[in-house]
Amino acid sequence: MSAASWLDSDEQRVWRAFLRVNSVMHDELDRDLQRKHGMTLVEYGILVHLSESEGKRERMSGLADTVIVSKSRLSHQVARLERDGLVRRETCEEDRRGSWAVLTESGEAALRAAAPDHVTRVRECLFDQLSAEHIAQLHEILNVLEAGLSRGR
Numbered sequence: 002m003s004a005a006s007w008l009d010s011d012e013q014r015v016w017r018a019f020l021r022v023n024s025v026m027h028d029e030l031d032r033d034l035q036r037k038h039g040m041t042l043v044e045y046g047i048l049v050h051l052s053e054s055e056g057k058r059e060r061m062s063g064l065a066d067t068v069i070v071s072k073s074r075l076s077h078q079v080a081r082l083e084r085d086g087l088v089r090r091e092t093c094e095e096d097r098r099g100s101w102a103v104l105t106e107s108g109e110a111a112l113r114a115a116a117p118d119h120v121t122r123v124r125e126c127l128f129d130q131l132s133a134e135h136i137a138q139l140h141e142i143l144n145v146l147e148a149g150l151s152r153g154r
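Per our numbering, the sequence shown starts with residue 2, numbered consecutively.
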């Protein structure tokens with residue numbers, strides 16, 4: 002077993018700040034959507050991804066990867082959206098073990114109602130706090146991190 006390369010004090014400050022900001026921003030956006038539109042941030046993300054998919058439908062397995070949740074959590078969230086009439090499931094003819102999540106007209110309407118409030122809150126929490134230069138730097142940093150994480154999969 003190799004020795005750990007411990008974080009120095011500067012790295013520790015950055016790491017902890019990253020965790021705090023990520024957690025607080027996620028909680029704020031989730032709370033805002035629940036209060037105003039009765040849906041979680043994950044559910045909103047599911048509706049967005051379905052709205053952008055061809056035919057407004059996506060395989061459940063692909064959707065789990067897209068919204069970055071476990072398959073069991075996705076199944077729970079889709080069941081709730083299905084119960085509320087925002088999504089329906091269809092059997093996948095090519096693979097009977099798989100299923101499609103399909104955005105309904107009610108789901109599209111709910112997304113159209115929530116989107117302006119959500120984008121306003123995203124802007125307030127993130128983009129309004131940053132200069133154009135900061136946004137460009139953050140984009141570059143996130144691309145580097147995403148590429149590094151992708152190589153590790």
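Glycine included, every Cβ here is placed at the ideal spot set by N, Cα and C. These numbers were taken from a predicted model, which means no experiment stands behind them.
Best match in the options for proximity to residue i [C-alpha to C-alpha]
| i | options | result |
| --- | --- | --- |
| Val103 | Leu112, Glu91 and Ala114 | Glu91 |
| Asp28 | Cys126, Glu134 and Ala133 | Cys126 |
| Val70 | Ser132, Ile47 and Glu12 | Ile47 |
| Ala114 | Met26, Val22 and Val49 | Val49 |
| Ala116 | Asp9, Gly39, Ser73 and Val25 | Gly39 |
| Arg122 | Val25, Arg84 and His135 | Val25 |
Proximity below 7 Å, CB of residue i to CB of residue j
| i | j | result |
| --- | --- | --- |
| Glu59 | Leu51 | yes |
| Met61 | Ser6 | no |
| Ala111 | Leu87 | yes |
| Thr105 | Arg89 | yes |
| Asp33 | Thr41 | no |
Outcome for residue i when other beta-carbon atoms lying within 10 angstroms are tallied against a minimum of 16
| i | result |
| --- | --- |
| Ile142 | exposed |
| Leu64 | buried |
| Gly108 | buried |
| Val145 | exposed |
| Val120 | exposed |
| Leu82 | buried |
| Gln138 | exposed |
| Gln13 | exposed |
| Val22 | exposed |
| Val79 | buried |
Counterpart residues of residue i in DSSP-defined beta bridges
| i | result |
| --- | --- |
| Trp101 | Arg60 and Glu91 |
Rounded Cβ spacing between residue i and residue j (contact assumed at less than 8 Å)
| i | j | result |
| --- | --- | --- |
| Asp129 | Lys37 | Contact doesn't hold; Cβ gap of about 19 Å is too wide. |
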